[in-house]
Each structure stands twice: as structure tokens, then as C-alpha cells.
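K.L.:
Residue numbers (the numbering used here), protein chains in the order written: chain L, 1 to 327; chain Z, 328 to 654; chain X, 655 to 976; chain B, 977 to 1298.
Cβ coordinates follow ideal geometry from the N, Cα and C atoms, glycine included.
Quantities reported herein were computed from a predicted structural model and do not represent experimental measurements.
Shown below is the structure under consideration.
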Ligand SMILES: Cc1ncc(C[n+]2csc(CCOP(=O)(O)OP(=O)(O)O)c2C)c(N)n1
Ligand SMILES: Cc1ncc(C[n+]2csc(CCOP(=O)(O)OP(=O)(O)O)c2C)c(N)n1
Ligand SMILES: [Mg+2]
Ligand SMILES: [Mg+2]
């Protein structure tokens, strides 16, 4: 990795975002195994470089839209892990007062416009956020995260074309983790690079190493700059890997069926965005080892505090079923 | 045009298909102006080379799917103009017993699987017809006609990708007549050639002169051969022009608003597929003038007979409202 | 009072609200030229930015409206025909109606979806379906279907000012109808029915085009001495149960007239509600008049046979009188 | 008789029909591995050609099923969750249900759409909606929602043999339920209800998971001397009006229990029908028990509060007894 031009504080910032996602989700995995979390949980472990690199290229005013696999995006955009954890527990203190859950976390105050459980469902909404920036002559940029599987939904096509036709400030970030559930991307589409679909909309398409957070930062910064400058949308394809299951609890659920061979899984494990950036940070003397450890300890404590707080929070009152309705 | 390699009987066949479409629709235009046809009518005049060239490359077993602008496709595939005309009148003797109308004509006996009034709505169905050929190891090919506007629908994207992922024998024919209703294609998308979208699906994309029926025949033949041989789908973009309105009666309806300038309209009028092929047929001595005239007279009579028959046909009986339901 | 067409009243509502609030804009396929005349003339006044033509991409356009709404604008998304909402169904059901609730009240989605609803122009099944019942079922989508120019203008203005997603349905069949439209500004509250004809013998509930069917039937019935009360619901979600139940308390008879497929229809909902809440007032079984339960045929003769007719309404009323 | 789970019964129906008829095949997202276990094991037996994994493209997959059906095959299109049908809504409403009619009887579309319906696993709004009411509204789509392994197998086999489009809904919440499933082949006709409990005092109409809610309520009521008749409709379109009306003629009381948004719901339809056709038998107003009229929240506590409960059913029955 040759990223000496990226300022030290940016690197530290990105590293911190990745670490926070990782420690949060490792805890979520434990909690899920222990049967403490209701519903479905999809982890982002292995893909953190994408959210961290991209969100580091954004201002607080810029907005993002996320997917069923959304924890990483919320944290990378600056979300509060306490309110996130409480939401995963379905507690009244959660971001959505227990109404959203893992697949539907939002924080409008930090420009996190929501995770969407419908594959591809967030892409048009991100175009709308871009439309709104354009309409108000704001220099806000709208970023949309979605998967390789989502790139086969009609919403992907319509949205990229619409954003291009209206020259809207939208950055489309396709997280190609090689799978949609149990189906390899290679079986679901007959092309190597999803970024090549950009040709069909007359916008730039960029393939990026989604394991390398600093490369993601660089590529995203360029796309954001272009969008802010009125140049319209960009499609970024981040090649990445999910290290674990599609959804937690999958092994038991699949009853012994497998869909990835061991070599592939091992290769994916080897490409760890946290490890990669950790090495970079060490080799380039960006933070001394003790500060790295302190950071990790601090995050680990924060996650534990979030868990404790969530556990001790009240369930939502039944009457709240009738709140948050029509204004 | 250099099409000396295309056999004379094929040229005559294609010419006949074009002429039949033209004379049929000229009559339809007259009838609509006279207030004799209910509902909406979208004419294909100016685009006949596409349907005629493509359908001439098909066998009777091959299937097609059409659009709201479907008369040309039905006739080119060998449809019966009597039953078509009766359907346009909404009569019981029509193809659909008056239940379909101009936008919903089908003739399953000749592999015309239906016109679809929903823009892009036929594309997935054509993929299914291809799936069915593949499933039964038949060498049937499925052809889908749709417009430039339809190429911006999600169904276009999902269908081309699905057909490609499963390597199905489908030929996608995009009739780029430069407009979707009153919106120029150039405003609805940021690319010059819709055929370039093929890159996104890993299939061939071909730009063809949609005014030149023999070129359409040649390009379609290659795509059909490829599909039949197990090579999977092709996207053909036929550059063409509609000579008239989006829908008949438009001028009055638009109350003086225009959306094409006169130069453009004139240029479109100049590119007449019938005239072009007529000239070719004459220059290459394919049919003598008197036979051409006889053909025209014969078609004109057939169209008149169709009109007379339609006029004299009974309205559908009210009870037929409850027919053609669940089997 | 000036007399205006239904379409002109809609145009006026759009123009006035766009003048009033710079956050309001119109987006959809060919809204500049106006596939339906209701959006005509707006581009000339408001320009490219506020009258936005889009590609034919219903799902993305609907979603873009939602995204714009949750980031502070007030879009009017014109999707042309009711059936085209089927392509945007996910964005409306899963997102527009649910976002506020799903995210615990963090956001709001003040936008209007606008389409033509129902049949009547021999356009065949793909352009002739009534869709209001689907959106009545979805929580947190308001649904409106005015029958007169006056109601159309007042309700559309309320819809645009509403902080929630509203589906504004209009009817091509009514486009040319004329009626009084005050020159001064007025609003009609969403959720308030209007009694279009008073009567003591039977309550007929209708909406949009069926209001006229009901009124015609009422006229014929009056000649026979049967005085029907015709309630124009105007709003379908929320709908004005109180007015309907009060009327039934008086008449003891109820007929629902609704242009739509009959099963799980608005008429089913009205009848179920009346049967639940006004049972002890009912002197005869409630009656539904809706489309015949078949797809919509093209032929004018067949289309007419499928739609609710004046004769159907009279027959239904007769059944309540035995 | 062997006892099997609901899911195993569905697997069996699929396997038996695929063995019987080579035109039957399964297509959808991850049907090989089986996101829902109902499709598991089929790929091992039937191979790539008859168990087809697709990209995540609901609209195209649904349409491809239709295209295959009208050209001679008998596809089973698995679209996973009910809400994903929203993305395929156009193909189902505009094409599958209408093609035969629209083209004057020239074709038929023998295909089955298969999805999980409703809530119960704290999956949040996007994965927890019941959708049957939308498809009941559409003409010419059959709709099934079995509550037991026995019904599931017999109805799915009928659906696959039916020459019309059928929406087969199953329930994750019932996946593990066990019941008797005969070893010998049997079919259950679409459109026939099943009286799951006989009683003379009140008729409770339910479907899918709410059958158990109704049965629990009936047990509690029986302890109080109130004998409820619980009718499991099994088929929602067409539905067995005759059985329901006959029961109401006997009991004079009617409660509809339906897991779905309440407005324009199946429960609305059943109540409207009973109110229309059995008015003179009714001794008390019909009652609806459905979801609270809000989007589906994630929290198990809130989800439970939104869904129809045993207490809700008892309360509704009580209202019919006063
Ligand atoms: C419209 C829709 N179809 C199917 C699903 C079920 N589903 C949930 S996640 C998923 C895979 C998505 O793949 P991808 O977009 O690559 O995202 P990833 O899970 O790999 O992050 C599927 C099919 C869904 N939630 N929404
Ligand atoms: C889903 C849908 N959206 C919009 C329409 C209205 N409409 C009918 S034809 C048309 C234009 C289609 O353009 P194109 O695909 O280029 O076909 P052309 O009319 O030029 O042949 C539109 C928007 C429709 N019928 N269906
Ligand atoms: Mg993926
Ligand atoms: Mg066009």
C-alpha cells in the first residue's frame, strides 16, 4: 500500500472507524450466539474498509443510505453504538425505539438516512437525497451502499440512470463481497466487474480494492469531489469479502449444506481490512503500539457499556405501537 | 445498401411485410381520425423495417413479445389483419374477442405471445419464453421488442441479466425511435447507444440501422443463430424514427404544444423504410413495377376487407365478460 | 363563483402550492408537456428545476421522491396511471408509508404521489384499473379521490401541505367536469366526507366517478319516493366513518358503490365497518356495488358491463328496501 | 399416519409433483440451498435444470415464470418473502392474472408463486407483512395459505396441477408444526374450507397462523361454555363462502381473524360477505380481529402487540355475545 499522501489524522480516523465496527460486531456475534438478539443479523466483518474509507471522505452534512448489512455504515458515519446496540436488543432506548432493529437503523442527525431491508431498496432513496442537494444548491453529496446482489435489481438500473440523466451528486458504492446470500456473484451475472455497468449510464465506473481502506478513501474522495463539483454520479465497485455467514446462525440453519469451499474461505480470511491497516499504521509509525492498544481497549469498553446499557434498558411500552404515526 | 447476398425471395418477403404493416396502419390512422376506434392507438409507421427484418429471420416456432406499439410486430410475425382490425374495433371477431384492443393483441398460434401495454412489461416474459426453449431443449428462439424508453425500466436490466446468467436463447430488440412519449431519449439517458448497455450483462450489443430492413434481417439472423446455437442472448439496438405521433390524436390533445422541431420531423420523414426498400427492390430488379403495384393493390384490398369485416362484426355479447376466466 | 374543469382545478392547486412553497416541485414522466393536462403550464411558470421530466423508471422516481422528502423537500411525484404504481409498489409500501414509524419517528416523508385511477377510456386492462384499495390497506399512506373540481383543488392543496405521504388519485373520466371553484384560497381537510345529496331512506357511499353513478341512481329512486343520501367520501384513508355511521343511524340501509375489483375492496371495508358499528341500526343487509370480478376488457361495451352502473346501484338499493 | 412438519410436507409436495410431471420446475433466489428449508433437497434429486437459482431480480424472475408458463411449462416461482412480491407486483397483477382474459382465452398461465406470508420472527417491517389481501383483490389469481402439514401438502399439489396462476403462501411461524400426513397421495381442492373445530355458538373464520389463535381462544371460551366453530379457510381466493355462511346460519355470530393490516383486508371481505348474505341470521354485529393498523415493528414485544392475539379474539367473541 502506498498511501503516504494521506494525512496521518485521516489514517487514524479511518482506523478508528474500522476498529469500532469490528469490536461492535464481534460482540454482536457473541450476543446472537447466546440467543440474546431477536430477528436477523447480518455482519459486516471483513468489509469495514469500505464504509470507513468512504465515510471518512464525507462531511457531516453528506448523507448515506445503507442495507440489511448496515451496522458498519452507521458506525462509520459516526453513529452512537449505545443507541445501535439498544436497537439490536429491541429496546426503547434504541435509535428507532425498538421499531427498526438491525436491518432498519437510521440516524438522521448525522446524515444516516436509514438501513433498508429490501435488497436494492435504498438506491432510489439515495438518488432522492442527491436530488434534494441539487435542488437546494447545497453541496451535500448522497452516498448509497449496496451489494453485488443488489446490482441485479431493477432499482439499481433505474437509479443510476436517473441520477445520471439529472446529473445528481450521488456516489454509488457497490460492495461486491462476491455473494448474494449463497449465490456467487459470478453465477448471478456474466461479467467480472460490476463497475463496467457504469458505461450504460455514461458515468465513471471505478473498481477499487475494498479491503484497503485508504484506497477506498482515495477513490471515494475523487467521486465525492466530482459530485460536489456538479460532475454527477460515480459508480464505485469495492471488491471485498464477508468473512462470516450471510446471516448469523447460518451454519445451524443450513443443516450442513455449504456453499463456499475452504480454500476460498481461507483466502477471504487472509484479506482482513483491519489487519491490513494495522500493519500499515505500524509500518509507517502512524500510532505507537501502546496507543493502538489503548484505542482498542477504549472501544472495547464502550461496546461493553453499550451492551450493559441495552440490557438494562426497558422494553418499549406496548402503547408506543401507536406512536410515530401520522403527523 | 449492399445486400446482394440476401436471397430475392427473402427481400420480397420482407418488402411484403413492411407494405402490409404500412397499409394497415395508414387505414388505422384514418379510422381513428374518423372516431371509429375506441381507446389509444400507437402507430408503428416509420419503424416497419425493424419488425419485418427481424421476423423474417425467425421460424414459425420462434416467439415474439411486443409493446403498446404492437401492430407491426403482429403483422410481421404473420398475424391475420382481419382479426387484428376487428380487435381494434373491439369486436367479437377480434383476436381477443374485444377484450384486448390495440395494446393487447396476441396470436399464440403463430408465436406472437402478446403485446403488453406496460412499458418494459414484456421483457421478462420473453425471458421466460427463452427459458422454456432452453428447458425443453427446443431450438426455439424468443424475441422481445421494446422501446428506448423501456430500456430505462428496471425490467430491462433484470431481464437481460437473467437471460445472460442462464444463457437463454433470447434476442432483445430495442427500437430506439428517439422518443419515449414526448421525452427525447437523449434526455432520458446519458449515453448515445443503448446497445452499449450489453457490456453490463456480458452479451453482444449491436447497433443497427433500423430504417434498413435488410440490415435488420442480417443483424437479427446473426443474433438468432447465436441464440439457437446456445450462445445466449444478444441486445440489438435499432436506430429508427416514428414518423407520426406518440399516440394518434396527439396534436389535438397537446393543445398546440410541440416537442420536436420541424427540421427533425422532416429528417425523420425522409428516412422511410418502405421507400428505401422500394428503391432497392427497383434498382436491383427484384420485382418488376407492375408486380409491386399488384402487391400493393392486393394488400390494400385485404385491408379494406378487414375494415368491412370488422365493421360488420357483432359487438361482443355482454355475457362474454364472464368467459375466458379460470380453467 | 368561477366555473372550472376538474383538470383546471388540479392545475390551479399545483400552481398555487408551488408559488407558496419553494420546496414543492413536480417530478415524473413528461410532466412538462403533461401526458395528463393536469400538469400543463407549470413548466412555463416554474422552469426546469421545479418541473422535472424523468426517464420511464417508476421505481426509482418514486424512491427519489421519498429521498427528497426525507431531506426536506415536498415532492409531487406524478406516475401517470394507477397501474404504474405497481412498479413502484415496494417504494410506497415498504418505504414511504413505513419510514417514519420504522425509524422511531426520526423522519417524515411529506410527498404526494399522483395518478389517474380507474377505467372509462377503453384503454384495456393495463391502463384501466382502480388501485386505491391497495393503498388503503397500507398503514400510513393517506389516499384521496375527489369527484368535483372544488374538492379536487381543496384536497390537493391539503395533500401538498400534509406532512405525510399522500396518494392523490384523479379520474380521467371526470377531467372535463365543470364546477364552482372559489377565487379565494381554501383547503378541504383530508378525511372529511361530503354529503352530496341528503336523504332519509338509504345511505349510498361512493367516491370519485361513482359519486355520479350514485347521484343518478338517487334521482331515479327519488321519482319512486325513495330518498337516498349520497355520501362522497373524498378521502379514502383516513375515511370519514363518523359521517357514514351517522347517516346509517338515520337511514338504516347502506349501499357501497366503488369502482374497483370487488374482493378486499374499499366497498368491502365500508360494508364491514357499517356491519360492525351500525348493526343495530341496519334494517336490511349492506350491499356492495363494485366492478364485476374480472380483468378490465377493452371493448367499450364490455368495459361498461364490468363497471358499476346506475342500474346496479338501483338494484342494490332495492335489495335494502325489501 | 406418519407425522411430519409443515416444511417437510411442502418439500414432499414439491418433490412428488416434480417427479410426476417433467414440466414442473422450481426457480428463485437460492432455491438450491433453500433460504427457506421448503425447497431443500430438491436440487440433489432434480439437478440444475429443474431447480434454478437466479439473480436477485424479482420482477424478471416472476415474468420469466409467466413466459415459461404460457409456453407450456409449469413453473414454481419462489420469491421468498411476501414483501418481495411488491417488486414483482406488475407482472402478477398486470400479466399473470390477466393474460388469459386479455387475450380472449388464447392462453393459460399455470404457475405457482410461493412466498412466506406475515410476521412472527422479529424481522421488522420489510420482512413481516402479510400480503394475501392484495392478491385476493386481483381477479384470476388463486391464493392459498395452509395452516397444517396435511393441508399444506394437499393444497400445494393442487396448486401445481392447477391451470391458473396460484399464489401459495406459507408461514415461517408454522414451519416446525407437526401433523399427520398420509403416505398415500392425496389432493385438497382449492377453494374448500376445513372446519377445524365444530361449535354452535359463534363462527370464527381464520387462515394460516390465525387458525391457532382462533383454536386457543375457542378452548378458553369452551371452558366458559361458549362453543366456537373454527373455520380454516385454507384458500383465500376463491374462498369457501358456502361453508362460512352455513356456519353463520347456525351460530348467528361471526368473528374474522386475519393476520394483516386491517383496512381492505381479508377480514373486511369476510365480514362484508357475511353481513350481506347472512344478515338475517346474525344475532350480533360481525367482528374483525386483525393487526393493529401500523407498520410492523421489530421488537418482539411490539410485534406481539400488533398481531392478533388470543385475547383479541376472545374479546371479539364476547362482543358478539352481549
Ligand atoms: C428484494 C429482496 N429480495 C431478496 C431479499 C433477501 N435477501 C436478503 S440479503 C440478500 C442478499 C443480498 O446480496 P448483496 O446485495 O450482495 O448483499 P450482501 O448480503 O452480500 O451484503 C437477499 C437475497 C431481500 N431482502 N430483498
Ligand atoms: C410502466 C409504464 N410507464 C409509463 C407508461 C406510459 N407510456 C406509454 S408508451 C410510453 C413511451 C414508451 O417509450 P418507448 O419505450 O421508447 O416506446 P415508443 O412509444 O417510443 O415505441 C409511456 C411512457 C406505460 N404504458 N407503462
Ligand atoms: Mg454480496
Ligand atoms: Mg421510443
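Does DSSP put residue 790 of chain X in a helix, a strand or coil?
P.N.:
Reduced to three states, the DSSP call for residue 790 of chain X is helix.
K.L.:
If you measure from the beta carbon of residue 1198 of chain B to each beta carbon in chain X, is any gap under 8 Å?
P.N.:
Taking Cβ atoms only, chain X never reaches closer than 8 Å to residue 1198 of chain B, which makes this a no.
K.L.:
Taking 6 Å as the limit, tell me which residues put their C-beta closer than that to any heavy atom of ligand 3, in chain order.
P.N.:
Ordered along the chain, the selected set is L:147, L:148, L:149, L:177, L:179, L:180.
K.L.:
List the residues of chain Z whose Cβ lies closer than 7 Å to the Cβ of residue 777 of chain X, in chain order.
P.N.:
Under the 7 Å cutoff, chain Z gives 366, 367.
K.L.:
Looking at chain B, is there any beta carbon in it that lies within less than 8 Å of the beta carbon of residue 462 of chain Z?
P.N.:
Closer than 8 Å: yes.
K.L.:
Could you compute how far the alpha carbon of residue 630 of chain Z sits from the alpha carbon of residue 346 of chain Z?
P.N.:
Taking the straight line joining both Cα atoms gives about 11 Å.
K.L.:
At a cut-off of 7 Å, is residue 69 of chain L close to ligand 1 when judged by its beta-carbon and the heavy atoms of the ligand?
P.N.:
The answer is yes for residue 69 of chain L.
K.L.:
At a cut-off of 7 Å, is residue 1089 of chain B close to ligand 1 when judged by its beta-carbon and the heavy atoms of the ligand?
P.N.:
For ligand 1, not one heavy atom lies less than 7 Å from the Cβ of residue 1089 of chain B.
K.L.:
Name the chain L residues whose beta carbon is nearer than 9 Å to that of residue 1141 of chain B?
P.N.:
Here the premise fails: no neighbours, minimum Cβ distance about 21 Å.
K.L.:
State yes or no: is the beta carbon of residue 750 of chain X nearer than 8 Å to at least one beta carbon in chain B?
P.N.:
No, residue 750 of chain X does not count as interfacial toward chain B.
K.L.:
Quick one: what does DSSP say residue 757 of chain X is sitting in, helix, strand or coil?
P.N.:
Note: residue 757 of chain X maps to coil in three-state DSSP.
K.L.:
According to DSSP, simplified to helix, strand and coil, what is residue 69 of chain L?
P.N.:
Of the three classes helix, strand and coil, the one that applies to residue 69 of chain L here is coil, per DSSP.
K.L.:
Give the residues from the segment 1009-1033 of chain B that approach chain L closer than 9 Å (Cβ to any Cβ), ordered along the chain.
P.N.:
If the cut-off is 9 Å between Cβ atoms, the segment 1009-1033 of chain B has 1009, 1010, 1011, 1013, 1016, 1029, 1030, 1031, 1032, 1033 near chain L.
K.L.:
List the residues that DSSP assigns as beta-bridge partners of residue 824 of chain X.
P.N.:
Its beta-bridge partners are X:770.
K.L.:
Can you check whether the CB of residue 862 of chain X is closer than 8 Å to the CB of residue 791 of chain X?
P.N.:
No.
K.L.:
Would DSSP call residue 96 of chain L helix, strand or coil?
P.N.:
Residue 96 of chain L: coil per DSSP, three-state reduction.
K.L.:
Check the Cβ-Cβ distances between residue 661 of chain X and every residue of chain Z, and say whether any is below 8 Å.
P.N.:
Not an interface residue.
K.L.:
May I ask you to report which of helix, strand or coil DSSP gives residue 176 of chain L?
P.N.:
It is a strand residue.
K.L.:
Using only CA atoms, which one of B:1120, B:1291, B:986, B:1277 lies nearest to residue 1100 of chain B?
P.N.:
Of the listed residues, the one whose Cα sits closest to residue 1100 of chain B is B:1277.
K.L.:
Short check: CB of residue 1054 of chain B to CB of residue 1002 of chain B, under 8 Å?
P.N.:
Yes, they are a contact pair.
K.L.:
Can you list the residues of chain Z that residue 1119 of chain B reaches, using a CB-CB cut of under 9 Å?
P.N.:
Going along chain Z, no residue has its Cβ under 9 Å from residue 1119 of chain B, so there is no contact; the nearest lies around 12 Å.
K.L.:
Taking residue 631 of chain Z as part of the alpha helix (DSSP H), name the residues at either end of that continuous run.
P.N.:
It spans 616-639 - the alpha helix (DSSP H) in which residue 631 of chain Z sits, taken as one unbroken run.
K.L.:
Name, in chain order, the residues that DSSP records as bridge partners for residue 1056 of chain B.
P.N.:
B:1091.
K.L.:
Which bits of chain B does residue 325 of chain L rub up against, with CB to CB less than 8 Å?
P.N.:
Those within 8 Å of residue 325 of chain L in chain B are 1270.
K.L.:
Which runs of the beta strand (DSSP E) spanning at least 3 residues fall entirely within the segment 9-79 of chain L, listed in chain order?
P.N.:
Runs found: 63-66.
K.L.:
Using a Cβ-Cβ cut-off of less than 9 Å, list which residues of the segment 114-134 of chain L approach chain B; keep chain order.
P.N.:
Against chain B - using a Cβ distance shorter than 9 Å - the residues of the segment 114-134 of chain L are 116, 117, 118, 119, 120, 121.
K.L.:
State yes or no: is the C-beta of residue 729 of chain X within less than 8 Å of the C-beta of residue 165 of chain L?
P.N.:
Not in contact: residue 729 of chain X and residue 165 of chain L (Cβ atoms no closer than 8 Å).
K.L.:
What I want to know is whether the C-beta of residue 189 of chain L ends up closer than 7 Å to one or more non-hydrogen atoms of ligand 1.
P.N.:
Result no, Cβ not under 7 Å from ligand 1.
K.L.:
Output, in sequence order along the chain, the residues in the segment 165-196 of chain L whose CB is closer than 8 Å to any CB in chain B.
P.N.:
Those would be 180, 181, 182, 183, 187, 188, 189, in chain order.
K.L.:
In terms of DSSP beta bridges, what is residue 1118 of chain B paired with?
P.N.:
Bridge partners of residue 1118 of chain B: B:1142.
K.L.:
On the premise that residue 1207 of chain B lies in contact with residue 1171 of chain B, defined as a C-beta separation below 8 Å, what is that separation, rounded to the nearest angstrom?
P.N.:
Contact holds; Cβ gap of about 6 Å.
K.L.:
For chain B, find out if any of its Cβ atoms is closer than 8 Å to the Cβ of residue 426 of chain Z; answer yes or no.
P.N.:
Residue 426 of chain Z counts as touching chain B.
K.L.:
Just to confirm the assignment, what range does the alpha helix (DSSP H) spanning residue 84 of chain L have?
P.N.:
Unbroken alpha helix (DSSP H) run through residue 84 of chain L: 81-88.
K.L.:
Out of curiosity, what's the CA-to-CA distance linking residue 856 of chain X and residue 415 of chain Z?
P.N.:
Taking the straight line joining both Cα atoms gives about 42 Å.
K.L.:
Just to confirm before moving on: does the CB-CB distance between residue 1009 of chain B and residue 254 of chain L stay below 8 Å?
P.N.:
Yes, Cβ-Cβ distance for residue 1009 of chain B and residue 254 of chain L is below 8 Å.
K.L.:
Could you check the C-alpha separation between residue 1273 of chain B and residue 321 of chain L for me, to the nearest Å?
P.N.:
Answer to the nearest angstrom: the Cα atoms are 8 Å apart.
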